[in-house]
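Counted the way mature numbering (1 follows the signal peptide of the UniProt record, and there is no 0) counts, the sequence shown spans residues -21 to -1, 1 to 61.
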Amino acid sequence: MVHLSTSGVLSALLAITTTKALPPNKENNFHLRPFHIDLSHNVPRMIELVRDYRLPDKPEYPGVGSSMGINLDTEQDNLNKS
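What follows is the structure, encoded as structure tokens:
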């Protein structure tokens, strides 16, 4: 079970936006180049969307279990922990 907290999401986004790529060298067979992704202007909106999301009262497909995704009970537990 994965529990995502606001601070965890922000830490992950910060790591993505601040990671520096290694400079190209003779061993760079994939022609990788440094890049920068700036998500800072969208982070508040993403947090707002997650916080305001309302789970359904009952499963949309009862009896399917986790074979079709995360169980509603698990999602409700995660929501209650945050």
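For each residue, glycine too, the CB sits at the ideal point set by N, CA and C. Keep in mind the model is a prediction, meaning the values are calculated, not measured.
Identify the continuous alpha helix (DSSP H) that holds Val22 and give its terminal residues.
-> 22 to 31
Specify the secondary structure class of Ser45 as computed by DSSP and reduced to three states.
-> helix
Simplified DSSP assignment, three categories, for Lys60 | helix
Could you tell me if Pro41 is buried or exposed, where buried requires 16 or more neighbouring beta carbons within 10 angstroms of its beta carbon?
-> exposed
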